[in-house]
Structures are given as C-alpha cells and as structure tokens.
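S.K.: Residue numbers (this note's numbering): 22 to 372. Built from N, CA and C at the ideal position, the CB exists for glycine as well.
#1: What's the C-alpha gap between residue 54 and residue 135?
#2: Considering only residues of the same chain and omitting the five flanking positions on each side of residue 269, which have a CB-CB separation below 8 Å?
#3: Quick one: what's got a C-beta closer than 6 Å to residue 292's C-beta in the same chain, skipping five residues either side?
#4: DSSP three-state label for residue 175, please.
#5: Comparing the CB of residue 324 with every heavy atom of the ligand NAD, is any distance shorter than 6 Å?
#6: Where does residue 338 land, buried or exposed, given buried means 16+ other C-beta within 10 angstroms?
#7: Would you report the Cα separation of residue 378 and residue 330, rounded to the nearest angstrom?
#8: So for residue 119, helix, strand or coil by DSSP?
#9: Looking only at C-alpha atoms, which of 63, 110, 77 and 80 sits nearest to residue 373?
#10: With H, G and I counted as helix, E and B as strand and the rest as coil, what does DSSP make of residue 225?
#11: What first and last residue would you give for the beta strand (DSSP E) that runs through residue 97?
#12: Can you tell me whether residue 202 is helix, strand or coil according to DSSP?
#13: How would you write the range of the beta strand (DSSP E) that residue 163 sits in, first residue to last?
#14: From 310, 151, 76 and 94, pick the residue whose C-alpha is nearest to that of residue 354; which is it?
#15: With respect to the alpha helix (DSSP H) encompassing residue 284, which residues constitute its N-terminal and C-terminal limits?
#16: Start and end of the alpha helix (DSSP H) containing residue 304?
#17: Across the segment 225–235 and the segment 198–213, are there enough close Cβ pairs to call them in contact, namely three or more that are closer than 8 Å?
#18: Any idea which residues DSSP pairs residue 219 with across the strands?
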C-alpha cells in the first residue's frame, strides 16, 4: 500500500509537473487534522504524520506524555501502557503510539485524496505563475481557440494553457479568427487567490517595442536604443531612437533597406502608421523632432516642473503639427513628457 502510494506521487510528478514534496507536505498536514477528527481526539492531541520517500514508508502516530496519573487520554498515557510501546519509557518522557493506516477511517483516507487533488491544482497554478512571470513584458505566441460571442475576447492556447485576450486589447480594425497564430504582449502577471492573472495586449506600446527588437538586430544587440514610445493602437505610433555610436543611423536601422523592416512591422500592426524620430537629451531638440513631420520654427521651454513648452511653427505647418483631431501633438506630448502649446508664426490662428 505504501509503495503504491509513493508510486502514485511519482506518476503525478512526472505527468503533471507537480513536485511530490509539495504534495506530501499538504497531505501530512491534512491527514493530521483528519486523523484527529476520525479518532475523536481533542485539538490538544499531538498527531504525527510522516512520509519517507526513499523507504516508501508512510506512518501515522499519536504522541503522548508519560505520566503517573492520566488526566487527559488524548495527550497522556500511563507508565504501564507506555512500556508497551517503549520498554524503557519513563515518567516525563513522550512515547509514539503508531496507528496502522488500515485502521484509519474513510474520513482520513478521503482527506488525503482531496488534498492530492487540491495540491495538484495549487501546484499547477504556482507553476503557471512562475512560468508566465518569466515572460512578463515579453512577446508570446498563441493559437486562437475560440472567440467569445458575448465579449468578443479571443481565447488563446499558449503552451498547455488557455489565456484571454480581451477585445479592448486587440488592435482596432484587426480581424482575429479561430486557428490564427498571433503574437501578444504580456503586460503583467499577478498572483491572486483564484490563481495567476495574466494580462495580455496587442495595443500596449510594449508590443511595438518588442516587434522592433525582433525585426531590428541593432536594437536587439543594444547598438540602437528605443528611448520612448507613444502609441494610439490601430492608428499611429511615434518612437524615439538613439545610438551611442555616431556612425550608426538609428532611424535608418529601424526603417531598413527599402523600408523592409518597418514595413514588416506595419503589416503586423494592420497598417498602423509609425513615425521614427531621433531622440535628444536636449528637451527643445527632442520636442522639435517629436513634432515631425511638421517643421518647427522655435521651441521655448517654459518649465521643467511641470514640463511645459511653447512651440512656434510656420502658419502653413500648423495643421500638420497639430495633426488630425490633435493626434500629432498629442503623441508628441506623450513621447516627450511635455505639455506642448503650439502657436503659428504669425501669432494668429486661421478660423
């Protein structure tokens, strides 16, 4: 019986990836409580459940104190009775009274089974959390298993587990179908009482950053750095890049020969426009670059705390600087961290 018990744990460990030491710890604790209840012992009783994985031994015992006069049968034993278990027992010592596992009631045995089931679930959740935590802020690939008719969310198979990509985390305008293999960004992994909560996204700016790291070797090896990204998923992204090597064209590296690199990424973003600008430690210069493709006449830094500035552009460049529905200046502000107040060179707005 003991050998079969341990062999079952070995099988669980191999097939489910659950360490048997973790299961044994949970089983022994639950068995202690179950045996106490099964034998009608008080909470003061000392139940000892031990498991020897090398010798295939599984034992249960009650530990009692040897006394001259027994006042509590659950915790004490007379010297005469104690010598039945330990021939040299003395008053004041403790003796271990073994309980044969076959004498345990169904409650105790059932408790062990329940603990194994629960232990497997908990261990699998812990393993999942550990695995996915290592993928936080990284890209993972999943296969679309189904689309929720109610919420529009996509259920993805990633490894041996299923995860949810919410509708609001999909790129606006993209069509995802069952069977598609798609990349998603692991925003965060949080441990909750109900298990690990995995937050996936295709709209996060980190999604674009990781795509560039895959497509552009100079970014992957650190020659080119992505200093900041501002994104409105499905529409437009602004990305600031920089290289400490003066001989490296950071923007050119990201675009690639004949725009091959950036076009490959744009295709994965369903045509989302990407502006790549040069990063500068000079706030005024960085703001000027961030407002491209518009021309900028002057940048006046008004305050660094909070970050505010006044930008002057040629009258004919005003609408381009602001962008459709304010998108260009909005993305530039998010990219640089500055509140940007744009004025035409003439000082007057048309209309």
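M.R.: Working from what's here:
#1: Walking along the chain shown from the start, residue 54 turns up at place 33. Walking along the chain shown from the start, residue 135 turns up at place 114. So the alpha carbons of these two residues sit roughly 13 Å apart.
#2: Here residue 269 refers to the residue found at position 248 when the chain shown is read from its first residue. These residues qualify, in order along the chain: 239, 244 and 245.
#3: To locate residue 292, count along the chain shown from 1; it is residue 271. Apart from the 5 residues on each side of it in sequence, residue 292 has no Cβ closer than 6 Å to any other Cβ in its chain.
#4: Reading the chain shown from its first residue, position 154 is the one you call residue 175. Strand.
#5: With respect to small molecules bound, the structure shown includes none, and the ligand NAD cannot be examined in it.
#6: Translated into the one-based positions of the chain shown, residue 338 becomes position 317. Residue 338 comes out buried.
#7: The question about residue 378 has no answer here: the residues shown for the chain are numbered 22 through 372.
#8: Sequence index remark: in the chain shown, residue 119 carries index 98 (1-based). Residue 119: strand per DSSP, three-state reduction.
#9: Outside the displayed span of the chain (22 to 372) sits residue 373, for which this structure offers no information.
#10: For the purposes of this step, residue 225 is taken as residue 204 along the chain shown, with counting starting at 1. Coil.
#11: On the chain shown, position 76 is the one that residue 97 refers to. 97–99 is the extent of the beta strand (DSSP E) around residue 97.
#12: One-based indexing of the chain shown puts residue 202 at position 181. When secondary structure is reduced to three states using DSSP, residue 202 falls in the strand class.
#13: One-based indexing of the chain shown puts residue 163 at position 142. In the DSSP assignment, residue 163 falls within the beta strand (DSSP E) that extends over 160–168.
#14: The sequence position of residue 354 within the chain shown is 333, counting from 1. Ranking 310, 151, 76 and 94 by Cα distance to residue 354 puts 310 first.
#15: The residue given as residue 284 occupies position 263 in the chain shown. That run of the alpha helix (DSSP H) goes 281–289.
#16: As a position in the chain shown, residue 304 is number 283, starting the count at 1. Note, residue 304: alpha helix (DSSP H), 304–311.
#17: The segment 225–235 is in contact with the segment 198–213.
#18: Residue mapping note: residue 219 aligns to position 198 of the chain shown, counting from 1. 210.
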